[in-house]
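Asker: Please see the structure below; I have some questions.
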Amino acid sequence: MIIQGKTLKYGDNVDTDVIIPARYLTATDPQELAQHCLEGLDSDFPQKVSSSPILVAGRNFGCGSSREHAPLAIKASGVKAVIAASFARIFYRNALNIGLPILESEEAAEKIKEGDQLEIDLDKGEIKNLTTQETFKVEPFPPFLQEIIEQGGLMNLVKKRVVHLS
Amino acid sequence: MSMTITEKIIAAHAQKEKVTPGELVQVKIDLSLANDITAPLSIKELEKQGIEKIFDPDKIVLVADHNTPCKDIASAQNVKLMQEFAQKHGISHFFVGGKAGIEHVLLPEQGLIVPGDLIIGADSHTCTYGALGAFSTGMGSTDIAASWVLGETWLRVPESILFVYEGKRKQFVTGKDLILFTIGKIGVDGARYCAMEFTGPVIQELSLDERFTMTNMAVEAGAKNGIMEADDKVLSYLTEIKSPRSPIVYQSDSDAQWKEIIEIAVSSIEPQVAFPHLPSNTHSVYSIPQIEVDQVVIGSCTNGRMEDLRMAAQVLKEREVHPRVRLLIFPGSPAILRQAEKEGLLQIFLEAGGIIAPASCGPCLGGHLGVLAEGEKCVSTTNRNFLGRMGHIKSEVYLANPYIAASSAVAGYIAAPDQI
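Chains S and X, in that order, are what the protein sequence lines are.
All residue numbers for the first sequence refer to this note's numbering, where the first residue is 1 and numbers rise by one.
All residue numbers for the second sequence refer to this note's numbering, where the first residue is 167 and numbers rise by one.
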């Protein structure tokens, strides 16, 4: 799968409280959550994201709460992929489970600037910066996680196993 | 076999002789937990997939503790959805109303956790149970939904970091200060993806309540779990609460592999205050300028247990809360509320001018029951001080232990008991 688009750039430790504040967690509808995505960090995010759908951030992206509402809000707001120097572990699992593409690369996170035009090849694990002509390789996911991604999220795998068991 | 406690528990649940850090394994779970914020997503996911059967209703725990007592119609709908799901599947461990407490305070009290268990929960502070020598970690709603169907989950075996605490604690230095100091030292991603094992003579001296405070905040350093060896204090606690299950006590082998061993000399640590907006932003309470506060919160899954209330009461006895300050006290469970009443602590809090709130996560996450306005500052015994965590984006949260929180409520600014 190929993803193209311009970037928005944020810093280290973007936590789940700024991604989606807890006062909105009574909602489970991703579209409703998306209206408040990142509002604590960047109040113009909803306007910016339509023309810049790739997020680039520093270390420990998604730290804090286990709220799956965080990757759901990001995905529903129109974000096509998140590149970070590192991800907090619960956010990492949640993103894979709900089908939000994430890529971990310290080098890419450092060198890519806001507004750069990227082309991401998820299958190859390759990020091309079309603005600077740089290419970054990303560690491939282990086979089991690759399977979750290919099945479009964890529950599709679970459903297959349930059918298989019965 | 040269394994750590964490590796041994994971190996036992993966039905393997040995596991190695980095390895991905499927593990059987002993308990899978969700609350009124995370369970609705899990339930809706199962409904969406048309999955009707769950693996074992006795191994699923549902606690309505975040937006409860329900703050609005949407949160009431969520609790109703949990209730209907619990009824439909015969889930007996569903806690609501006067039976509910803050999940990570409540579950150990209910005898639902024993050493050697492997527990997952749709709440990041699920790592709390490590204080009992169990492996426990937080996940999201989809992982939890999957575990309710399969009775298992996947884990990447974490590398373990050993934290050794030695020396004599100074006055007013609690488990909270040790973990805040540790996070301050290694940073909010200093143990990312790792197991934090806490050991040393100081850990042995700590009460169970203070140990829970430490393992609770392992996630604040990015850890997968925090863990301690179950000792006699843990085993007596299990007897005291008439735990229905037998513990399996694991110890890390002397030749276990550690990513790092970090020795912490406790004697030089002073009571800590974590400044906005990261738990790692720690200072000694004696080195900070005068910071006036508007609200003080004592409670939460971090510091809402008996020892915490006793510390607060020790400071508040025959004193009055500063006229500007709102002091909110959240005993963590119905059992703790009853015990606090019996010991006369509630009387002390009320006479000081405090508010006794229900066992809820409410203000910790800026949900309800104590949300901050623009520019307000709060000293809190909770676990996170992220931007906008407790309310307005321009409000500030300072994390501290119950002694400091109570003294600050009296002084009107952040202070230790010997400064008021």
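Using N, Cα and C, we set each Cβ at its ideal position, and we do this for glycine too.
For residue 331 of chain X, report the span of its beta strand (DSSP E) as first-last.
Answerer: From DSSP, the beta strand (DSSP E) with residue 331 of chain X extends over 326-332.
Asker: Taking buried to mean at least 16 other C-beta atoms within 10 Å of its own C-beta, is residue 328 of chain X buried or exposed?
Answerer: That one is buried.
Asker: Identify the residues that DSSP records as bridge partners of residue 363 of chain X: which are they?
Answerer: Paired residues: X/328, X/393.
Asker: If distances are taken between C-alpha atoms only, which option among X/436, X/451, X/412 comes closest to residue 283 of chain X?
Answerer: For residue 283 of chain X, the nearest C-alpha among the options comes from X/412.
Asker: Hey, which unbroken runs of the beta strand (DSSP E) at 3 residues or more fall wholly within the stretch 70-124 of chain S?
Answerer: If we require 3 residues or more, the beta strand (DSSP E) runs fully inside the stretch 70-124 of chain S come out as 81-84, 102-104, 117-121.
Asker: Excluding sequence positions up to five away, which residues of its chain have a Cβ less than 6 Å from the Cβ of residue 168 of chain S?
Answerer: Lying before the first or after the last residue shown, residue 168 of chain S is absent from chain S, which here runs from 1 to 166.
Asker: Taking DSSP as the reference, what is the three-state secondary structure of residue 150 of chain S?
Answerer: Helix at residue 150 of chain S.
Asker: Contact criterion: CB-CB distance below 8 Å. Does residue 22 of chain S meet it with respect to chain X?
Answerer: At least one chain X Cβ lies under 8 Å of residue 22 of chain S.
Asker: For residue 63 of chain S, name the three-state secondary structure that DSSP assigns.
Answerer: In this structure, residue 63 of chain S counts as strand in the three-state DSSP scheme.
Asker: What did DSSP end up calling residue 164 of chain S once you bin it into helix, strand or coil?
Answerer: Residue 164 of chain S: helix per DSSP, three-state reduction.
Asker: Using a C-beta cutoff of 8 Å, does residue 79 of chain S count as contacting chain X?
Answerer: No, residue 79 of chain S lies away from the interface with chain X (no Cβ there is under 8 Å from its Cβ).
Asker: For residue 420 of chain X, count the other beta carbons within 10 Å of its own beta carbon; 16 or more makes it buried, fewer makes it exposed. Which is it?
Answerer: It counts as exposed.
Asker: With respect to the beta strand (DSSP E) encompassing residue 496 of chain X, which residues constitute its N-terminal and C-terminal limits?
Answerer: Unbroken beta strand (DSSP E) run through residue 496 of chain X: 492-496.
Asker: Expressed to the nearest angstrom, what Euclidean distance is found between the alpha-carbon atoms of residue 113 of chain S and residue 399 of chain X?
Answerer: Between residue 113 of chain S and residue 399 of chain X, the C-alpha separation is close to 54 Å.
Asker: Is it true that the CB of residue 343 of chain X sits closer than 8 Å to the CB of residue 438 of chain X?
Answerer: Against a cut-off of 8 Å, the Cβ pair of residue 343 of chain X and residue 438 of chain X comes out as a contact.
Asker: So is the beta-carbon of residue 444 of chain X under 7 Å away from any non-hydrogen atom of the ligand HEM?
Answerer: Among the components of this structure there are no ligands whatsoever, and the ligand HEM is therefore not found.
Asker: Hey, out of X/370, X/204, X/546, whose CA is closest to residue 580 of chain X's CA?
Answerer: Comparing Cα positions, the closest option is X/546.
Asker: Between residue 554 of chain X and residue 445 of chain X, what straight-line distance do the alpha-carbon atoms span, to the nearest angstrom?
Answerer: Cα to Cα, residue 554 of chain X sits roughly 14 Å from residue 445 of chain X.
Asker: Going by C-alpha to C-alpha distance, which of S/141, S/126, S/104 sits closest to residue 169 of chain S?
Answerer: Past the edges of chain S, shown from 1 to 166, lies residue 169 of chain S, and the structure says nothing about it.
Asker: Taking only the alpha-carbon atoms, compute the straight-line gap between residue 55 of chain S and residue 44 of chain S and give it to the nearest angstrom.
Answerer: In a straight line, the C-alpha of residue 55 of chain S is about 14 Å away from that of residue 44 of chain S.
Asker: Run through DSSP, which three-state label would residue 537 of chain X get?
Answerer: Residue state, collapsed to three classes: coil.
Asker: Would you grab the beta carbon distance between residue 143 of chain S and residue 122 of chain S for me? Rounded to a whole angstrom, and I think it's under 8 Å.
Answerer: With a Cβ gap of about 15 Å, residue 143 of chain S and residue 122 of chain S do not count as contacting.
Asker: Going along chain X, which residues have a C-beta under 9 Å from residue 142 of chain S?
Answerer: Chain X residues near residue 142 of chain S: 190, 322.
Asker: Measuring CB to CB, does residue 560 of chain X end up less than 8 Å from residue 433 of chain X?
Answerer: Taking 8 Å as the Cβ cut-off, residue 560 of chain X and residue 433 of chain X do not qualify as a contacting pair.
Asker: Taking Cβ positions only, does residue 532 of chain X come closer than 8 Å to chain S?
Answerer: By this cut-off, residue 532 of chain X is an interface position.
Asker: Would you call the stretch 486-506 of chain X and the stretch 192-208 of chain X in contact, with 3 or more CB pairs under 8 Å?
Answerer: Flag = no, the stretch 486-506 of chain X and the stretch 192-208 of chain X do not touch.
Asker: Using a beta-carbon distance below 8 Å, is residue 305 of chain X in contact with chain S?
Answerer: Yes - at least one Cβ of chain S is within 8 Å of the one on residue 305 of chain X.
Asker: If you compare alpha carbons, which of S/164, S/65, S/85 is closest to residue 287 of chain X?
Answerer: Selected option, being the one with the closest Cα: S/65.
Asker: Answer with yes or no whether the minimum CB distance from residue 215 of chain X to chain S is below 8 Å.
Answerer: Interface residue, yes.
Asker: With respect to the alpha helix (DSSP H) encompassing residue 314 of chain X, which residues constitute its N-terminal and C-terminal limits?
Answerer: Note, residue 314 of chain X: alpha helix (DSSP H), 307-316.
Asker: Along chain S, which residues have their Cβ under 8 Å away from the Cβ of residue 240 of chain X?
Answerer: 26, 27, listed in chain order.
Asker: Please say whether residue 145 of chain S and residue 72 of chain S have beta carbons closer to each other than 8 Å?
Answerer: Not in contact: residue 72 of chain S and residue 145 of chain S (Cβ atoms no closer than 8 Å).
Asker: Could you name the residues of the same chain whose beta carbon sits closer than 7 Å to that of residue 514 of chain X, not counting the 5 residues immediately before and after it, in chain order?
Answerer: If we look at residue 514 of chain X and ignore the five residues flanking it on each side, its Cβ neighbours are 479, 482, 483.
Asker: Quick one: grab the DSSP three-state call for residue 429 of chain X.
Answerer: Three-state DSSP puts residue 429 of chain X in a strand.
Asker: Which residues bound the alpha helix (DSSP H) around residue 378 of chain X?
Answerer: Counting along the chain, the alpha helix (DSSP H) containing residue 378 of chain X begins and ends at 374-382.
Asker: List the endpoints of the continuous beta strand (DSSP E) containing residue 287 of chain X.
Answerer: Looking at the DSSP string, the run of the beta strand (DSSP E) that includes residue 287 of chain X is 284-287.
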